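Going by full-length UniProt numbering, the first residue of the sequence shown is number 1, and it counts up by one from there. Built from N, CA and C at the ideal position, the CB exists for glycine as well. Everything numeric in this text was worked out from a predicted model, so none of it was measured. These notes are about the structure you will find just below.
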Amino acid sequence: MYRTGPWNGVRFSGIPEMTTFEDMFEFEFRVATGGEVSYQFRNLDGSPMSRVLLNESGVMQRMVWDRSVMSWSNFWSGPRDQCDNYGRCGAFGVCNVVDATVCGCIRGFTPRSPAEWYMRNTSGGCGRRTPLQCTGSGGGGGEDGFYLLRGVKLPETHGCAVDATATLEECRWRCLSNCSCTAYAGADIRGGGSGCIQWFGDLMDTGFVDGGQELYVRLAKSELGL
1 MYRTGPWNGV RFSGIPEMTT FEDMFEFEFR VATGGEVSYQ FRNLDGSPMS
51 RVLLNESGVM QRMVWDRSVM SWSNFWSGPR DQCDNYGRCG AFGVCNVVDA
101 TVCGCIRGFT PRSPAEWYMR NTSGGCGRRT PLQCTGSGGG GGEDGFYLLR
151 GVKLPETHGC AVDATATLEE CRWRCLSNCS CTAYAGADIR GGGSGCIQWF
201 GDLMDTGFVD GGQELYVRLA KSELGL
């Protein structure tokens with residue numbers, strides 16, 4: 001129903017307002033042994049008592065204790081708007097809550113069903129306009145390239161490959177060398193960026209957010225105007 005977006009070293013990709021909570025909460029993303037990944041938060045001294053819950057409707061809420069009325073009040077909740085609803089614009093679609101049409105296709109893609117798209121049924125998503133010309137040889141011949149999509153909540157990361165030690169340039173060449181790789185991005189935004197996330201197959205649940213990240217989407221060379 002709702003994704004926060006992946007952890008980017010500072011916050012979850014799709015919750016830019018987390019940085020405004022830094023005077024109240026300390027956030028930490030921890031990677032443990034045995035294939036377990038965990039995230040924790042701690043109330044800073046002087047901040048109100050807080051808890052995070054997932055209610056029966058699938059809404060995630062951060063509640064804070066209001067001493068004046070002696071009850072819990074909603075401090076933050078998600079999904080916040082229609083672009084937070086999972087898969088609102090389908091595969092290779094991108095959601096923009098400030099646009100009248102909300103859903104658009106990433107450059108190089110067009111609606112799979114223009115008639116349904118016109119009727120605002122965008123769940124079918126977008127399809128590639130020009131097939132990739134991948135040779136799997138590390139980009140030899142320059143058949144494919146990448147379009148930089150700025151300021152987004154990164155797509156769903158189920159089935160992605162992540163390497164926290166790789167550089168962004170290494171990430172680019174790894175993606176070009178694998179014909180199944182459709183996009184890549186940095187895993188950590190700190191210090192100019194580091195790490196590598198590679199997507200394979202459809203890009204799902206991408207949307208523009210304030211302070212969003214850069215996503216490099218693989219396109220045929222002709223789509224890039226090169």
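query                                                                                                                                                                                     : result
Work out the CA separation of S113 and L215 for me, nearest whole Å.                                                                                                                      : 25 angstroms
Would DSSP call F92 helix, strand or coil?                                                                                                                                                : coil
Across which residues does DSSP place S73 in a beta bridge pair?                                                                                                                          : V64
Only counting the same chain, and skipping five residues up and downstream in sequence, which positions put a Cβ closer than 6 angstroms to that of Q61?                                  : L53, N74, S77
Return the residue from the list S222, E170, G192 that minimises the CA-CA distance to Q198.                                                                                              : E170
Does DSSP put Q82 in a helix, in a strand, or in coil?                                                                                                                                    : helix
Would you kindly check if the distance between the Cβ of C134 and the Cβ of L168 is under 9 angstroms?                                                                                    : no
Do you know how far the Cα of L148 is from the Cα of W72?                                                                                                                                 : 42 angstroms
Around the Cβ of S13, are there at least 16 other Cβ atoms within 10 angstroms (buried) or fewer (exposed)?                                                                               : buried
Tell me, which residues are paired with K153 by DSSP?                                                                                                                                     : G207
How many angstroms separate the CA atom of G139 from the CA atom of W173?                                                                                                                 : Low confidence applies to G139: its pLDDT is 46, below 50, so where it sits in the model is not reliable enough to give any reading.
Whole angstroms is fine: what's the gap from M119's alpha carbon to R67's?                                                                                                                : 48 angstroms
Can you grab the Cα-Cα spacing for the pair T20 / Y2, in whole Å?                                                                                                                         : 21 angstroms
Quick check on the burial criterion: 16 or more other C-beta atoms within 10 angstroms. Buried or exposed for R30?                                                                        : exposed
Here's the rule: buried if 16 or more other CB atoms are within 10 angstroms of the residue's CB, otherwise exposed. What is T130?                                                        : exposed
Mind checking which residues open and close the beta strand (DSSP E) that includes A183?                                                                                                  : 181-185
Can you look up L148 in the DSSP assignment and give me helix, strand or coil?                                                                                                            : strand
For my contact list, P155 and L203 are in at a C-beta cut-off of 8 angstroms; report their separation, rounded to the angstrom.                                                           : 4 angstroms
In three-state terms, what does DSSP make of E28?                                                                                                                                         : strand
Could you work out which residue in G46, G201, V59, G211 is closest to V217 when comparing CA atoms only?                                                                                 : G201
Beta carbon of G93, beta carbon of T206: below 9 angstroms?                                                                                                                               : yes
Could you name the residues of the same chain whose beta carbon sits closer than 6 angstroms to that of C83, not counting the 5 residues immediately before and after it, in chain order? : C95, V97, G207
For G141, count neighbouring Cβ atoms within 10 angstroms of its own Cβ and tell me buried if that reaches 16, exposed if not.                                                            : The pLDDT assigned to G141 is 39, lower than 50, so where the model puts this residue is not dependable, and the model offers no usable value.
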